[in-house]
Amino acid sequence: MNHLSLDTNMEAVNQAFRIALGDLYGNISYFQDGLLSKPRPVILAGLEYDTPWTRDASINVWNGASLLFPEESRDTLLCVLVQENGVKRIGGQYWDAIIWAAGAWQYYVTTKDRGFLSLASEALENSLLWFEEREYNPDRQLFSGAACYGDGISAYGDAFARENQGESGIDHWPLANPDKCRGKNGGVGMPIYTLSTNCLYVLAYQRALDMARELGKEENPHFADMHRLLRASIRRYFWMPDKGTFAYYRASFPQEHTCQSQEALGLAFALLCGLTDQEETRQVLSHCVTTPAGIPCVWPSFSRYDQPDGQGFGRHSGTVWPHAQGFWADAAKKAGNYPAFWKEFSALTEHAVRDQQFGEIYHPLTGQLYGGRQELHGTITEWHSCNRQTWSATAYLRMVLEDLAGLEFTPEGIHFAPMLGEGLTSLTLTGLSYRKAGITLSVSGSGSQIGSFTVNGISRSQPFLSASEEGDLSVNIHLI
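Right under this line is the structure:
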């Protein structure tokens, strides 16, 4: 466990950061599953959840937990792996389980744990082949299945909801409609292909190649081919040039159709995976609809959740989920659209300080904790927004560590690309433990252009710290 503190000239940001640390730490508990041989402290999905969940585990480590709680992050990733007949692979809800690759790589670049990397490479390669055999459609060159985190039926159009027997989970749909699925080798084969999930596969193939390279193994040409083909297929099936953005999903049920709704995670992942050129990136960011509380998970909400007062929104459509805010803000900052970043950051800061916690879901118009509406045993009802949700807290950590402080971890070291503004003119991170170094980072000024970069008072031409550096390091960056 590493003790990290933040001090800025804005007290609300300082408070929100401490609240985020508290929510993260408070959700670490003993747990045993997967490859853990005995109960170990792992990161649970939230105060009201008693398991890590594969996607939550991966996102939390990816967002920065690996920097603060390295051992707990490692064990969290291990506990969601499964081993069958000696073959290790990723477990959990199948469609977006591959997101584990992102968390595993982030853990490695912050710790350089080569023993874990070897295991991770094995599990990831096995998993990619496993899912290819079961969920990959070679005609479309896309993976079938639900959207990332979209496990509720409220994330999908009426055609899917009508055929779900009134149940809330999308995982029930194949059980209710086995004749409409085309699974192979024991797979599911749902007649839907989503932007976010396929972007995660692009990232996973890239991480498989990165891991092999880092381990000194020969790169698998098949994974390189799949990475290339999948990027092209996402462009072909989802990019809408007339709208300057990506569609949410393609489906072949009840007939071939495209859902052109805005999917926050899908758009963020597409930008972070580099699926757009500079002009297309600008278009995606400029065409994105946001609400007073932040970017909605899917927009617009499906009309079956409407209420006469205009305040009804689907649990997985129309509502604001902070983990999606975190990725969208990150994509916006890295693309140079700073106003889009500040809108999400400011909204989440305000909500955390107001509630003294990071909730699971917020109402898009009022900004209050709101679980959204969704089917339950045949009736549409309002659900609960869980308290102290871990990935909501780590989304805030991502905004601070990766975007404001500008930390980019690679196998070689840390690159710095900080940004300040909107009244935030100073930032100091103390207790940043990295490999064999203890770092204090101070950033001052405004904007994102680095005017000076010094380490222990000595100027450097490049804003970079090598992974081999040791001891106490005082890093000072002034922005102009």
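Residue 147 in the UniProt record's numbering sits at position 147 of the sequence shown, and the numbers go up by one each step. Quick reminder that beta carbons are idealized off the backbone N, C-alpha and C, glycines included.
Residue interval of the beta strand (DSSP E) (run including glutamate 375):
As a position in the sequence shown, residue 375 is number 375, starting the count at 1. From DSSP, the beta strand (DSSP E) with glutamate 375 extends over 373-376.
Checking 7 angstroms against the spacing of the C-beta atoms, do glycine 244 and glutamine 278 come in under that value?
As a working mapping, residue 244 is identified with position 244 in the sequence shown. As a working mapping, residue 278 is identified with position 278 in the sequence shown. No.
Should tyrosine 30 be labelled buried (16 or more other beta-carbon atoms within 10 Å of its own) or exposed?
Within the sequence shown, residue 30 is the residue found at index 30, counting from 1. Result: exposed.
Measuring CA to CA, which of Tyr434, Leu142 and Asp210 is closest to histidine 3?
Taking the sequence shown and counting its residues from 1, one reaches residue 3 at position 3. Histidine 3 has its Cα closest to that of Tyr434, out of Tyr434, Leu142 and Asp210.
Would a C-beta distance cut-off of 7 angstroms place alanine 101 and leucine 124 closer than the cut-off?
Along the sequence shown, read from residue 1 onward, the residue named residue 101 stands at position 101. Along the sequence shown, read from residue 1 onward, the residue named residue 124 stands at position 124. Yes.
Cβ-based burial, proline 121 [other Cβ within 10 Å; buried from 16]:
If you number the sequence shown from 1, residue 121 lands on position 121. Correcting the residue identity first, residue 121 is serine in this sequence and not proline. Buried is the call here.
Please list, in chain order, all residues of the same chain as asparagine 476 whose beta carbon is under 7 angstroms from its beta carbon, the five residues on each side excluded.
As a working note, residue 476 is residue 476 in the sequence shown. Contacts found: Ser442 and Thr454.
Between Gly266, Phe238 and Cys273, which has its C-alpha nearest threonine 258's C-alpha?
For this step, residue 258 is matched to residue 258 along the sequence shown. Residue Phe238 is the option with its Cα nearest to threonine 258.
In angstroms with no decimal places, state the Cα-to-Cα distance between alanine 270 and glycine 150.
Here residue 270 refers to the residue found at position 270 when the sequence shown is read from its first residue. Here residue 150 refers to the residue found at position 150 when the sequence shown is read from its first residue. Straight-line Cα distance between these residues: approximately 17 angstroms.
Since asparagine 456 sits in a beta bridge, which residues does DSSP pair it with?
Start at 1 with the first residue of the sequence shown, and residue 456 comes out as number 456. None; asparagine 456 has no bridge partner.
Between the Cα of methionine 419 and the Cα atoms of Trp391, Phe358 and Pro339, which residue gives the shortest distance?
For the purposes of this step, residue 419 is identified with residue 419 of the sequence shown, where counting begins at 1. With distances taken between Cα atoms, methionine 419 lies closest to Pro339.
Whole angstroms are fine: how far does the CA of phenylalanine 341 sit from the CA of glycine 421?
Within the sequence shown, the letter at position 421 stands for residue 421. Within the sequence shown, the letter at position 341 stands for residue 341. Approximately 11 angstroms, taken between the alpha carbons.
Burial state of valine 87, where buried means 16 or more other Cβ atoms lie within 10 Å
Residue mapping note: residue 87 aligns to position 87 of the sequence shown, counting from 1. That one is exposed.
Closest residue to leucine 404 among His316, Thr410 and Ala417 (Cα-Cα distance)
Sequence index remark: in the sequence shown, residue 404 carries index 404 (1-based). Taking only the C-alpha atoms, the option nearest leucine 404 is Ala417.
CA-to-CA distance, glycine 157 to glutamine 165, given in whole angstroms
Taking the first residue of the sequence shown as 1, we reach residue 165 at position 165. Taking the first residue of the sequence shown as 1, we reach residue 157 at position 157. If I take the Cα positions, the gap works out to 14 angstroms.
Chain-order list of residues whose beta-carbon lies under 8 angstroms from that of proline 39 (same chain, five-residue window excluded)
For this step, residue 39 is matched to residue 39 along the sequence shown. Closer than 8 angstroms at Cβ, skipping near neighbours: Tyr30, Phe31 and Gln32.
For the alpha helix (DSSP H) containing valine 353, name the first residue and the last one.
Within the sequence shown, numbered from 1, the residue matching residue 353 stands at position 353. That run of the alpha helix (DSSP H) goes 338-355.
If you run the structure through DSSP and keep just helix, strand and coil, what is tryptophan 299?
Locating residue 299 in the sequence shown gives position 299, counting from the first residue. Residue state, collapsed to three classes: strand.
Sheet register partners of serine 442 (DSSP bridge):
If you number the sequence shown from 1, residue 442 lands on position 442. According to DSSP, serine 442 bridges with Thr428 and Asn476.
Spatially closest choice to alanine 65 from Asn27, Phe160, Thr51 and Ala467, by CA coordinates
If you number the sequence shown from 1, residue 65 lands on position 65. When each option's Cα is compared against that of alanine 65, the closest is Asn27.
Distance, Cα to Cα, glutamate 72 vs isoleucine 59?
Stepping through the sequence shown from its first residue, residue 72 is reached at position 72. Stepping through the sequence shown from its first residue, residue 59 is reached at position 59. Looking at the two C-alpha atoms, the distance is approximately 14 angstroms.
Close Cβ partners of residue 564 (< 7 angstroms) along its chain, the five nearest in sequence each way excluded
The structure shown has nothing for residue 564, since the chain only spans 1 to 480.
Roughly how many angstroms lie between the CA atoms of asparagine 14 and threonine 349, to the nearest whole one?
Reading the sequence shown from its first residue, position 14 is the one you call residue 14. Reading the sequence shown from its first residue, position 349 is the one you call residue 349. Their Cα atoms are separated by approximately 9 angstroms.
Beta-bridge partners of leucine 369, as assigned by DSSP:
The sequence position of residue 369 within the sequence shown is 369, counting from 1. Answer is Tyr362.
Name the residue from Glu470, Glu469 and Gly378 whose alpha carbon lies nearest to the alpha carbon of serine 154.
For this step, residue 154 is matched to residue 154 along the sequence shown. Checked all of Glu470, Glu469 and Gly378; the closest Cα to serine 154 is Gly378.
With DSSP as the reference, please indicate the residues paired to residue 481 in a beta bridge.
Here the chain comprises residues numbered 1 to 480, so residue 481 is not present and cannot be evaluated.
Near threonine 51, what residues of its chain come up, given a Cβ to Cβ distance below 8 angstroms and the 5 sequence neighbours on each side ignored?
Taking the first residue of the sequence shown as position 1, residue 51 is located at position 51. Cβ neighbours of threonine 51 beyond the five flanking positions: Phe31, Asp33, Leu44 and Ala45.
Closest Cα partner of glutamate 256 within the set Val188, Lys180 and Ala268
On the sequence shown, position 256 is the one that residue 256 refers to. Looking at the Cα atoms, Lys180 is the closest of the given residues.
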